[in-house]
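Inspection log for the structure reproduced underneath, given as C-alpha cells.
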Amino acid sequence: MNINDAFYIGYITKTRGLKGEMQLFFEFEDYDELDLDILFLEVNKKLVPYFVDTIKLHNNSTAYLNLEDIDHVDKAKELIKKKVYLPKDKMPERDPDDFRYTDLIGYVVVDENEGEIGEIIDVQAFPQQFVATVDFGGKELMFPLNDDLILGIDEEGQVIEVGLPEGLIDLYRES
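Per the UniProt record's numbering, the sequence shown starts with residue 1, numbered consecutively.
As C-alpha cells, this is what we get:
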C-alpha cells in the first residue's frame, strides 16, 4: 500500500509485558469509530500490514494491542515510535455539519484591525483549548481558537475573521 492511499491515526508508544503487547497512541480524533482489524506501520518509508490479534481501547486516546506474529517483547520493541496508518477507504464518514477546529487548516486569517494575517498551517489541541498556528510572513504566529476571538467563519471562501488581543501581532513583528 502506498502512503498516499492511507491516513495517519497515531503511533506505537511503548511495549507492555513480555508477550509483545504494545500501546498505540491515537492522534486521530474519532479513534473509537475506526475499524482496527489490520494496521499499516511505516517501516523504512514503506507501509507494512499487521493483523490485529487483540485490541483494548481506552478513553485517553490510547489502546493496548497484540499484533499477529509479534509474540515477544523484543519483536515489539522494533515497532516503538512507528507511525500507524489505515487505508483511506476505512476513514469514518463524518456528518457535513460536524465542523471542527482542525478543519480550519488552510483557512486565511483576517483580523478586524490588522487585515489579512496569513494562512492557518496547523491546529493543536491543548487541555483547555485549541491553538491555531498561522504563517505570518515566514514566522509562526499562534493564537487560541475560542468564541471570544472568532468573529466569523466563511467556509466557502475559507476565511476566518478574528479579533485578536491588542499587541499580539506586534509581538510577532518585533521578534
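Don't be surprised by glycine CBs; every beta carbon is placed ideally from N, CA and C.
A quick note: this is a predicted structure, and the numbers were derived from the prediction, not measured.
{"Asked": "With distances taken from CA atoms, which of Asp-170, Leu-164, Met-1 and Gly-20 is nearest Lys-77?", "Found": "Gly-20"}
{"Asked": "For Val-73, which of Asp-147, Arg-16 and Glu-156 has the nearest alpha-carbon?", "Found": "Arg-16"}
{"Asked": "Does the stretch 23 to 41 come into contact with the stretch 3 to 11, if we say contact requires no fewer than three beta-carbon pairs (one atom in each stretch) closer than 8 Å?", "Found": "yes"}
{"Asked": "By how many angstroms is the C-alpha of Gly-106 removed from the C-alpha of Thr-133?", "Found": "11 Å"}
{"Asked": "Can you say whether Ile-80 is buried or exposed, counting buried as having 16 or more other CB atoms within 10 angstroms of its CB?", "Found": "exposed"}
{"Asked": "Figure out for me which residue from Asn-66, Lys-45 and Leu-47 has the closest Cα to the Cα of Leu-24.", "Found": "Asn-66"}
{"Asked": "Beta-carbon separation of Val-162 and Ile-150 under 8 Å?", "Found": "yes"}
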